[in-house]
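Protein chains in written order, with my numbering: chain A, 112 to 233; chain B, 6 to 349.
For each residue, glycine too, the CB sits at the ideal point set by N, CA and C.
Every value quoted in this text rests on a predicted model; they were computed, and no experiment measured them.
Below is one structure; the comments refer to it alone.
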Amino acid sequence: MSLMLIALLLGHHAFGSEFDPNRPILLKGKVVRVEWVNPHAWIHMEVTKPDGTKEVWMVEGGSPNSLLRRGVTKESLPPGTEIVVDGYQARDYTLKRANGRNVTYPDGRKLFLASSAPDAEK
Amino acid sequence: MKTLVALICVAAIPVIAAGQARTPDGHPDLQGTYDLATLTPLERPAGAKAALTAEEAAKFEKEVEARKQAAGQAISGDRSAPPKGGDGSTGPAGGVGGYNNFWLDPGSSFTVVNGERRTSLVIDPPDGKVPPLSAGARQRFAAARAAAPTSDTTESRDPGLEPPGSYDNPEQRPLGERCILGFGSTSGPPALPDYFYNNLHQIVQTPQYVMILTEMVHDARIIRMNSEHLPKTVRKWMGDSIGRWEGDTLVVDTTNFTDKTRFRGATQNLHVVERFTRVAPNALLYRFTVEDPDTWDRSWTGEYTWPATDANIYEYACHESNYALENILRGARRREADEAAQKK
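If you want it as structure tokens, here you go:
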């Protein structure tokens, strides 16, 4: 019966052709804005590099429609929210884009699951 | 006289099933929004029986829920980047792991038809499996693999490792990636569940037309009632659908597919017959029969229940912000540029 779970994993776009398994990344920073769009939402976040300069990265999420049905909106992730992202960088490494394999608050709680109330994380 | 007229009118209306809502023309009212999410896969897993007992289904559904809860648990905020070379994930996650579970909204229970908790949508052949490809189809596939990949390549099962040419232009990418049709035949026909999210479908019905809106990837299929098929020269992504009533069942016949849709490798000669029947005030039974003599040696049939939902269906607007397609193509260009620089 465990085979059934395999079926659940099929049927989506090829993440591996968009992101590079040889370029793992860890991003810590503040949300700048959220593109609440299909087919994938994108979280823009400002990251401070070791030399003190800042750059903005884009992090890919899933479709926002199912989150909307649960009452989560882009306001649930207001600018300034501190987040931690681990994932892999886009295959075109001149782009500052990555998949949000795990997107959490600094204490490790997964986004949105902790609370869907916009004010709860401020 | 008034009484007589009323009696005649009543006699002209088909037998009304208990509680069956009807449109003014007397046909069952199938309108509403339905959530097609289910745990039941298209094909029966090896070794599974056709239906589960209530206890077996509950046990599995509980496991799925536990898995979901576990995926939602906090992890270390001080974690490091994932391993170089990939995180070991397979399938579409392609070694890079996709994205958090909180985005997903898959099914949480098995489809129930005639009181049976089914382990496959496919009911014919009785083994619950899509029939094997015909010899001709296998030859066709081998030839297609040898040639450059085309736009209608199904979603890659081995992403990042597709043959050269797969990324040459947007039209060679799969239809789902291009926001033309939903992944895995969500729009249909036949309409299959998406095992990730966004499984809502809306039916709007008039005497002349029935429209089925699929949230993912935005597809609206318009079915002409009591009509003839368009000339064979007119081809559509979702085929040409015509409908008729057989008693209280809406029967939709679809032909005239393009040679790019290729449902499970089928040709443009794919023929799909769908049957929509209201089985409860809050549920439809959806049954589909698929045939294409150029692809399978026999037709095959599947069915599942479409439960009604009060949830809102949202616009998908897939194409406008499809960074993923851009990233995939730019990634290939970057790789080519780097390889060319190395050769110098």
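- According to the DSSP assignment, Pro135 (chain A) belongs to the beta strand (DSSP E) that extends over 130-146.
- Asn105 (chain B) is classed as buried because its beta carbon has at least 16 other beta carbons within 10 Å across all chains shown.
- Taking 7 Å as the cut-off between beta carbons, the residues of the segment 66-90 of chain B near chain A are Gly77, Ala79, Ile80, Ser81, Gly82, Arg84, Ser85, Ala86, Pro87, Pro88, Lys89, Gly90, in sequence order.
- Asn210 (chain A) and Glu171 (chain A) do touch by the CB rule: their CB atoms are close to 5 Å apart, below 8 Å.
- Secondary structure note for Leu178 (chain A): its alpha helix (DSSP H) is the uninterrupted segment 175-180.
- Taking a cut-off of 8 Å on C-beta distances, the segment 295-307 of chain B does not touch the segment 174-192 of chain A, as fewer than three cross pairs fall below it.
- Spanning the alpha carbons of Gly191 (chain A) and Thr266 (chain B) requires a straight line of approximately 44 Å.
- With its beta carbon at least 9 Å from every one in chain B, Val142 (chain A) lies outside the interface.
- Around the beta carbon of Ser85 (chain B), fewer than 16 other beta carbons sit within 10 angstroms, so the residue counts as exposed.
- Put simply, the backbone Cα of Lys141 (chain A) is about 42 Å away from that of Trp311 (chain B).
- The beta-carbon of Met156 (chain A) is placed no less than 9 Å from the nearest beta-carbon of chain B.
- For Phe293 (chain B), the enclosing beta strand (DSSP E) starts and ends at 288-296.
- In this structure Pro87 (chain B) is buried. Its beta-carbon is surrounded by 16 or more other beta-carbon atoms within 10 angstroms.
- Leu178 (chain A) reaches chain B at Phe107, Trp108, counting residues in chain order whose Cβ is nearer than 8 Å.
- For Gly252 (chain B), no chain A residue has a C-beta closer than 9 Å to its own C-beta; the minimum C-beta separation is roughly 34 Å.
- Residue contact with chain B for Leu222 (chain A): present (Cβ-Cβ distance below 9 Å to some residue of chain B).
- For Leu137 (chain A), the nearest CB of chain B lies under 9 Å from its own CB, placing it at the interface with that chain.
- Arg280 (chain B) places its beta carbon less than 9 Å from that of Val256 (chain B).
- Contact between Gly336 (chain B) and Ser128 (chain A) is confirmed by a C-beta separation of about 7 Å, below the 8 Å threshold.
- Of all residues in the segment 193-208 of chain B, those with a C-beta nearer than 8 Å to a C-beta of chain A are Asp199, Tyr200, Phe201, Tyr202, Asn203, reading in chain order.
- Close to Pro217 (chain A), with beta-carbon spacing below 8 Å, are these residues of chain B in chain order: Gly82.
- Residues of the segment 259-273 of chain B that bring their beta carbon within less than 8 Å of a beta carbon in chain A are absent altogether.
- Across the structure, Ala76 (chain B) and Gly93 (chain B) are spaced so that their CA atoms are roughly 17 Å apart.
- DSSP places Tyr214 (chain B) in the strand class (E or B) of the three-state scheme.
- Per the DSSP secondary-structure output, Tyr309 (chain B) pairs in a beta bridge with B:Tyr291.
- Put simply, the segment 144-156 of chain A does not touch the segment 273-289 of chain B. Fewer than three CB pairs are less than 8 Å apart.
- Under DSSP, the beta-bridge partners assigned to Lys221 (chain A) are A:Thr215.
- Annotated as distal: Val127 (chain B) and Leu186 (chain B), with beta-carbon spacing of 9 Å or more.
- The beta carbon of Lys64 (chain B) is closer than 6 Å to none in its chain, skipping five residues each way along the sequence.
- For Glu121 (chain B), the enclosing beta strand (DSSP E) begins and ends at 121-123.
- Residue pairing from DSSP places Trp153 (chain A) in a beta bridge opposite A:Glu146, A:Glu171.
- Uninterrupted beta strand (DSSP E) stretches at least 3 residues long and entirely within the segment 40-126 of chain B occur at 121-123, given in chain order.
- A Cβ-Cβ contact shorter than 9 Å links Ile228 (chain B) with Val215 (chain B).
- In this structure, DSSP gives Phe262 (chain B) an extended state, which the three-state scheme calls strand.
- The shortest CA-to-CA distance from Lys139 (chain A) to any of A:Phe223, A:Pro217, A:Thr164 is the one to A:Pro217.
- Boundaries of the beta strand (DSSP E) around Asp197 (chain A): 193-201.
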